[in-house]
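**Student:**
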Amino acid sequence: MDAQDTDLDPVYVGVFGNRGGPRSRTGCHTCRRRKVKCDETKPVCRRCARLSRPCDWSSPRSKRRDDLAASISASDQGRQSYQISLAEPCTVARDASAMWAGASSQLRFSWDSDMTLFANTSLSGLCLGPTDHAAIMLYRSTFVSLHDTKNPTYSVPSIIFQIGVSSALIMHMVLAIGMQHLAALGDGSRSQNNALSTEAVRHYCEAIRLLGQAINGSLPCSELNTVLAALWMMVVYEQHFGHDSTGQGLCQHLQGATSVLHANLPSLLSIWASENEQPVAEGHPVGQVQNLPYLTSRLLVRLTVLDARAASFGLGGKLNQSLAQSMGLGDPSQKEVPWFHFLSAIYDHSAPLCQATWGTEYPSAEVAYDAENQAAFHLYRYCSTLRLTAAEIRTSGREASSLIRVAEPMMNFLQKQYSELFSIAAGISSSTSEDKEGLIMTLCWIVPHYYGSVLDLSRIIDMDRPESRRIEARERILKLAYYGWEHGGAAAISRMAWPLFMAALETDDNIHQDWILSRFEQLSCFGVNYRKAHQWLKSRMRDMRRNIALDELEFISPTQINQFML
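For reference, each letter of the sequence shown is one residue, going 5 to 570 in my numbering.
Next comes the structure, spelled out in structure tokens:
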């Protein structure tokens, strides 16, 4: 059989063996994108029907170049020209900085009235053209798949999109993200792709302007959900597409989220107190738990995870620290304080989010997915706290010793608490049954983050960890990455980009290094941030092969020319 027909990665074959047959080239695009076999049943193949996925039988992508040109032309008609120079990317960071300056006194939202799920602003009348709809489609498919294994139709970004139906602030961010992904596909000419990217920046800047109005009261800020959702999207936008070489735009949005949350801490604190039967810290007024919307709870947790990620690269950490300390919960990186238990309580409070959104239309398969993956998502939040601890050890100097003393117990706690998940993940192979594919793909995403933290900590502190433990962590990451790549493609790899990055720094095997570099090169289509990471990693692999030592602080240096975050 011709090697091109099987299209199997040689590294994957070396680990799992050849699966024994060519993949279909005439199946639905959903199965082809995931690199799995399709039975070609129309209009919905059996695999897509069983997994509640959209079954895409649209025409081949070769036609999209002409369609894209027509779409851009059509949507440009009647739209006022708005020129933004991409040669001055720091303008966005400066705009964000100016927006947050002096705004803290305007950030408190009213909790007296019932807060509905969807915003109802007076500035939602955007005129959408064909290109806008194409961008929305990519937001609801490609973008969602980079951040979740859940059916995109019933995901948190989908709920946020529903807010955008009546909120210009959110819709501008949806279009900014979608158009950047559309430009990254490269289906149009270079000038068309540049035009799309420029239009994306226009939407982004308009969203920043509207957010500035919202926090200063010139818009009817009826919902905290809208502002937090916009901030989450802005941080993610900067993570993927930010041209700011110092990461200041991302830092400003994290600081903005901190300010907004500070103004509403009493209601958040009451949830932690009620769920954990702990007394509320003295001096904290307590609101009603039921007044805190489910989506607000979920967005709070997502923002703290992003903040912990940024801390690994010298760009974040203050949101977690500031919130924990202001609530009397101590340093979030310390084991003896209940910060990560507080976040779990917040997440548990948000558990009914999807069912409350879709009601009786919420499929039973999604209910089962939520229950099956609940423990894995708890592990993911704990891993972010562990990652934050490693980041603080790197930068805390004399105070590092107290953090080092709790790092090992934290890892042991997670290893014991989630031993069943680690056991399932260890048994994942090419012969694994697809009956629990949702859980398997979730574990391929989340479990590597634990092992990434093990490698991260082992590189910066001496805890007499056996070399075998580091080897095990590296091999577990690589094995799950190979499986994720085979069954989920680049989207699956993007979700585990950071642990794969850490594994690359640990391996001296040229085949593994080349495989990881190839994956990061493919991730470049998801934004300039991945392109920066690929270039940095490529340079580092070159140095490793020349036996040039790695400065552990190099990739988190705030003076790094091409700052990135994974």
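A virtual CB, placed ideally from N, CA and C, is assigned to each residue, including glycine.
Am I right that residue 537 and residue 464 are in contact with their C-beta atoms under 8 Å? What's the rounded C-beta distance?
**Tutor:** At roughly 19 Å, the Cβ-Cβ gap does not stay under 8 Å, so residue 537 and residue 464 are not in contact.
**Student:** Just the Cα atoms here: how many angstroms apart are residue 397 and residue 541?
**Tutor:** Those two C-alpha atoms are separated by around 23 Å.
**Student:** Helix, strand or coil: which one does DSSP assign to residue 32?
**Tutor:** Residue 32: coil per DSSP, three-state reduction.
**Student:** Is residue 446 near residue 153, with beta carbons less than 8 Å apart?
**Tutor:** Closer than 8 Å, so yes.
**Student:** Is residue 228 helix, strand or coil when you go by DSSP?
**Tutor:** It is helical.
**Student:** Given that a residue counts as buried once 16 or more other Cβ atoms are within 10 Å of its Cβ, and exposed if not, what is residue 328?
**Tutor:** So residue 328 ends up on the buried side.
**Student:** Kindly indicate which three-state DSSP category residue 283 falls into: helix, strand or coil?
**Tutor:** Residue placement at residue 283 is flagged as unreliable, the pLDDT there being 44, under the threshold of 50; the coordinate-derived value follows with that caveat. In this structure, residue 283 counts as coil in the three-state DSSP scheme.
**Student:** Rounded to whole angstroms, what's the CA-CA distance from residue 483 to residue 500? Just pull it up for me.
**Tutor:** Each residue's alpha carbon lies about 12 Å from the other.
**Student:** Using 8 Å as the threshold, is the C-beta distance between residue 323 and residue 311 below it?
**Tutor:** Closer than 8 Å, so yes.
**Student:** Would residue 568 be called buried (16 or more neighbouring beta carbons within 10 Å of its own) or exposed?
**Tutor:** That one is buried.
**Student:** Along the chain, where does the alpha helix (DSSP H) that runs through residue 378 open and close?
**Tutor:** Start and end: 368-399.
**Student:** Between 496, 487, 491 and 451, which has its C-alpha nearest residue 477's C-alpha?
**Tutor:** Here the closest residue by C-alpha is 451.
**Student:** Ignore the nearest five residues each way along the sequence and tell me which others in residue 178's own chain have a CB closer than 7 Å to its CB.
**Tutor:** Same-chain partners within the cutoff: 140, 143, 165 and 168.
**Student:** Give the DSSP-derived three-state secondary structure of residue 40 in the structure shown.
**Tutor:** In this structure, residue 40 counts as coil in the three-state DSSP scheme.
**Student:** Compute the distance between the beta-carbons of residue 521 and residue 545, then report whether it is under 8 Å.
**Tutor:** Cβ distance < 8 Å, so residue 521 and residue 545 count as in contact.
**Student:** Can you give me the start and stop residues for the alpha helix (DSSP H) that residue 547 sits inside?
**Tutor:** Its alpha helix (DSSP H) spans residues 532-549.
**Student:** Let me confirm a value: residue 248 is counted as buried when at least 16 other C-beta atoms fall within 10 Å, else exposed. Which label applies?
**Tutor:** By the 10 Å Cβ count, residue 248 comes out buried.
**Student:** Which same chain residues end up closer than 6 Å to residue 531 when comparing Cβ atoms and leaving out the 5 residues on each side of it in sequence?
**Tutor:** Answer for residue 531: 244 and 245, listed in chain order.
**Student:** Taking the alpha-carbon of residue 471 as reference, which of 511, 434 and 485 has the nearest alpha-carbon?
**Tutor:** Comparing Cα-Cα distances from residue 471 to each of 511, 434 and 485, the minimum goes to 511.
**Student:** Please classify residue 416 as buried or exposed, where buried requires at least 16 other C-beta atoms within 10 Å of its C-beta.
**Tutor:** Answer is exposed; the Cβ neighbour count stays below 16.
**Student:** Report the start-end ranges of each alpha helix (DSSP H) in the stretch 420-500 that is 4 residues or longer and not cut off at the edges.
**Tutor:** Entirely contained in the stretch 420-500, the alpha helix (DSSP H) runs reaching 4 residues are, in chain order, 423-430, 441-464 and 471-499.
**Student:** Counting only the same chain and skipping the five closest in sequence on each side, list residues whose C-beta sits under 8 Å from that of residue 497.
**Tutor:** Contacts found: 485, 488, 489, 504, 523, 526 and 527.
**Student:** Determine the burial state of residue 581: buried for a count of at least 16 other Cβ atoms within 10 Å of its Cβ, exposed for fewer.
**Tutor:** The chain is shown only over 5 to 570; residue 581 falls outside these bounds and no answer can be derived.
**Student:** Can you give me the C-alpha to C-alpha distance between residue 233 and residue 552, rounded to a whole angstrom?
**Tutor:** So the two alpha carbons sit approximately 43 Å from each other.
**Student:** How should residue 203 be labelled, buried or exposed, when 16 other C-beta atoms within 10 angstroms of its C-beta is the threshold for buried?
**Tutor:** Burial call: buried.
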